[in-house]
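For reference, the structure is listed below as structure tokens.
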Amino acid sequence: MTGNHVPQFRAHYLWVDAIVRGFRIPEVGVVEHRIASPWPADNNVEVRIQRNRATFGRWDVTIESTIGGSHETLIGLDGLQLAESVYRTVHRDVMTAAHARQWTRLHAALVDCNGVRVAIAGHSGAGKTTLALALAMRGAQLRADEGVFIRGTEAVGLPRRVHLKAGTFDVLPEIKAHDSLYLPYAPPVWALDPSTLPAERNVSSAVRGIDLVLILDGWDEGPTRLAPMPVPQAIQSLAEQSALWSDNHGVTLRNIAALLSNAPCYRLIRHHGDTGADTVEELVASCVTPGT
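Numbering (our numbering), first residue to last: 1 to 292.
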């Protein structure tokens, strides 16, 4: 337990800081990470956790947000419900702040691989996180596993724990050696602290342009292969995913068009069981103008 006035932790989410006080609940650790922010946050989500007096193992929480001045009190939550409530509020405020600043969120992972910044896009379950982690285990800097914000030609990853499913450990068993928090969903999820990965994170280069865009396009029995994706198809593919989080489609299309004016896009089809990391490293090595 910690006092209600002393923060358990403060986690940076670009424009929003999550500040948690009160009882330490293991599941709420999904909000905590040790990734430095490229800029100071303008907004806070303040969380105060207390024991529920009526039911053992249940918790009461007050969540206050400086965006919109919202104040919410929830009673009798279990640990997972509590964590979801906090995370949902932080995510909502991050998206609100991004929209106000005309950033667009891509449904993509982001890695810096030998000086080349690669965005890895695809639908849920396409293998973005597994490929990004495979590259990170080889020394790439993992900037984000699920969310990349773009504005013009600039990009920044959404800092958070990396969410893993059981299949990731089958493909990358070495990940088991890294700190991760078990979350009892069905099926279960593990939240890995990306600061434990091999590459040291460089906050000074967190915000810069993307050099390559990959769109994961499934697996088959053929060899793993890349093919250039025409810009109109790439815009459609990225916009369809981004529209899930955007209510300003004009800004979304402008930002995606600006991204693709500066970064070539490839479709990546993988052989069953292949993460695609070798193919991506070969593509990165062929780049003659990597970002700095």
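Positions of the beta carbon are idealized from the N, C-alpha and C atoms, including for glycine.
- If you compare the alpha carbons of Leu226, Ser204, Pro7 with that of Ile49, the shortest gap goes to Pro7.
- Distance from the CA of Gly69 to the CA of His271, rounded to the nearest whole angstrom, comes to 50 Å.
- Between Gly57 and Glu27, the alpha-carbon positions lie close to 13 Å from each other.
- Cα atoms of Val45 and Ser195: separation of roughly 22 Å, rounded to the nearest angstrom.
- One alpha carbon belongs to Ile235, the other to Leu259, and they sit about 10 Å apart.
- Rounded to the nearest whole angstrom, the C-alpha separation of Leu172 and Pro223 is 20 Å.
- Between Val61 and Asp211, the C-beta spacing is not below 8 Å.
- Between Pro187 and Lys165 the beta-carbon gap is near 6 Å, inside 8 Å, which marks them as a contact.
- About 11 Å separates the beta carbon of Leu131 from that of Leu142, a gap too long to meet the 8 Å contact definition.
- Under the three-pair Cβ rule at 8 Å, the segment 98-110 counts as touching the segment 144-162.
- His33 is positioned such that its CB atom lies closer than 8 Å to that of Asp193.
- When secondary structure is reduced to three states using DSSP, Gln233 falls in the helix class.
- In this structure, the CA atom of Ser37 is about 27 Å from the CA atom of Ala277.
- In the three-state scheme derived from DSSP, where H, G and I count as helix and E and B as strand, His99 is classed as helix.
- In the displayed model, Gly250 falls within a helix according to three-state DSSP.
- Rounded to whole angstroms, Thr55 and Trp190 show a C-alpha spacing of 27 Å.
- By the criterion of at least three beta-carbon pairs nearer than 8 Å, the segment 214-228 is in contact with the segment 119-128.
- By the C-beta density criterion, Ile256 is buried, having at least 16 other C-beta atoms within 10 angstroms.
- Each residue's CA atom was taken as its position, placing Ala177 and Arg161 some 16 Å apart.
- Under the rule that a run must span 3 or more residues, the beta strand (DSSP E) segments found entirely inside the segment 62-127 read 71-77, 104-106, 108-113, 116-121.
- Using a 10 angstroms sphere on the CB of Val203, the tally of other CB atoms stays under 16, which defines it as exposed.
- Secondary structure of Ser37 (DSSP, three-state): coil.
- In the DSSP assignment, no residue is bridged to His178.
- Nearest to Glu72 by alpha-carbon distance, out of Asp17, Glu64, Leu158, is Glu64.
- Sorting Ala97, Arg208, His249 by C-alpha distance to the C-alpha of Val118 places Arg208 at the top.
- Setting aside the 5 residues that flank it on each side, Asn52 is surrounded in the same chain by Arg58, Trp59, Asp60, Gly76, each with a C-beta closer than 6 Å to its C-beta; the list follows chain order.
- Under the three-state reduction of DSSP output, Val31 falls in the coil class, being neither helix nor strand.
- Across the structure, Arg24 and Arg88 are spaced so that their CA atoms are roughly 18 Å apart.
- Secondary structure note for Leu283: its alpha helix (DSSP H) is the uninterrupted segment 277-286.
- By the neighbour-count definition (other C-beta atoms within 10 Å, threshold 16), Arg101 is an exposed residue.
- Contact check for Ala263 and Thr252: beta-carbon distance about 16 Å, past the 8 Å limit, so the pair fails to qualify.
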